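**Q** Each residue of the sequence shown is one higher than the one before, counting from 13 in the working numbering.
Here you go, one structure.
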Amino acid sequence: MLLVTMLVMMLVFNSHISDHVSDHDSSNVSYDVRNHVSSHVSSYVSDVVSSHISDHVSDHDSSNVGSNVSTYVSSYVSSHVSINEAVVR
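What follows is the structure in structure tokens.
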């Protein structure tokens, strides 16, 4: 739910900025906003999921799982943010 909220906020913010700057600048701003939001969401979701998993597996396994979750979430969020931005345009 938080992820969806963050993506919607990013899209609204992106659109709002685009209304106030030139076409050339807005594409730059869009790119910056997408990267910023993607990075924060990935980091937050990875931490939450890794923490939750750590509660259910041994210490040795949790560090490995945490790394895998972080990689997966980062790529998942990045791809969805990019897709959503393309839809807005």
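The C-beta atom is built at its ideal place from N, Cα and C for all residues, glycine as well.
All figures in this text were calculated on a predicted structure; none of them were measured in a lab.
#1: According to the Cβ coordinates, are S90 and S54 closer than 9 Å?
#2: In whole angstroms, give me the CA-to-CA distance for V85 and H52.
#3: Taking all protein chains shown into account, decide if V60 is buried (16 or more other Cβ within 10 angstroms of its Cβ) or exposed.
#4: For N47, which residues from the same chain have a beta carbon less than 6 Å from its beta carbon, with the 5 sequence-adjacent residues on both sides left out?
**A** Taking the coordinates as given:
#1: Yes, the pair counts as a contact, with Cβ atoms nearer than the cut-off.
#2: Rounded to the nearest angstrom, the two C-alpha atoms are 11 Å apart.
#3: V60 comes out exposed.
#4: Only residues of its own chain outside the window of five on either side were considered, and among them none has a CB closer than 6 Å to the CB of N47.
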